[in-house]
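Everything in the sequence shown is counted per the working numbering, starting at 2 for the first residue and increasing by one. No residue lacks a Cβ here, since even glycine has one placed at the ideal position from N, Cα and C. Below: one structure, written as C-alpha cells.
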Amino acid sequence: MACDALAVSPRLTTSALIGALLCATWLAFYHYLAKNPDLLKDKAKGGFSPVERFRALAGVVLYVLAGLVGYLVAPLVGLAIFVLLPVFYAITSAGLYQSPVTRRITHTPPPRP
2 MACDALAVSP RLTTSALIGA LLCATWLAFY HYLAKNPDLL KDKAKGGFSP
52 VERFRALAGV VLYVLAGLVG YLVAPLVGLA IFVLLPVFYA ITSAGLYQSP
102 VTRRITHTPP PRP
C-alpha cells in the first residue's frame, strides 16, 4: 500500500500542532519559574529557567516547522524533523549546557557535584 502525501499531511500537521502546544505549555511553566525563583532548589536557580525556556521554544519552533514543511513541501522531511526532536531532547535532558556533547563544543568543564 503506497503512502499518499495528501493523506499524511493532515495527520502530520495535527501532530505538529499538538507537539507545539505541548512545548508551549512547558515554555509557560519555565517562564513562571523564572519569575518565581523561590520555587526552585538552590542547585537549579542559576541558569536553569533561561536554558529550559530555550529548549521549550526550540520545540515550539521545530514542531511548527515540521508541520509547515510536511504540509507544504514534503511529508517525509516533516517526519524527519519529528524523528530528530526526541534526539535533541535526549541529548539535552541533563540541561542544554550540561550535556557532554555541548561541553565539548563550548569547551566548558563539567559541573561540580
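| Is it a yes or a no for the segment 81-90 touching the segment 25-41, going by three-plus beta-carbon pairs under 8 Å? | Taking a cut-off of 8 Å for Cβ pairs, the segment 81-90 and the segment 25-41 do not touch, as fewer than three such pairs fall below it.
| For S94, the three-state DSSP class (helix, strand or coil) | Three-state DSSP puts S94 in coil, outside helix and strand.
| task | Note down, one range per segment and in chain order, each alpha helix (DSSP H) of at least 4 residues found wholly within the segment 10-88. | result | Qualifying alpha helix (DSSP H) stretches, in chain order: 49-73.
| Cβ atoms of A21 and T65: under 8 Å apart, would you say? | Residue 65 is actually Val in this sequence, not Thr. For the 8 Å CB-CB criterion, V65 and A21 form a contact.
| How long is the line joining the alpha carbons of T14 and S50, rounded to whole angstroms? | So the alpha carbons of these two residues sit roughly 29 Å apart.
| Mind checking Y90: buried by the 16 CB within 10 Å criterion, or exposed? | Exposed, by the Cβ-count rule.
| task | Closer than 6 Å by C-beta to A123: which residues in its own chain qualify, once you throw out the five before and the five after it? Chain order, please. | result | The question about residue 123 has no answer here: the residues shown for the chain are numbered 2 through 114.
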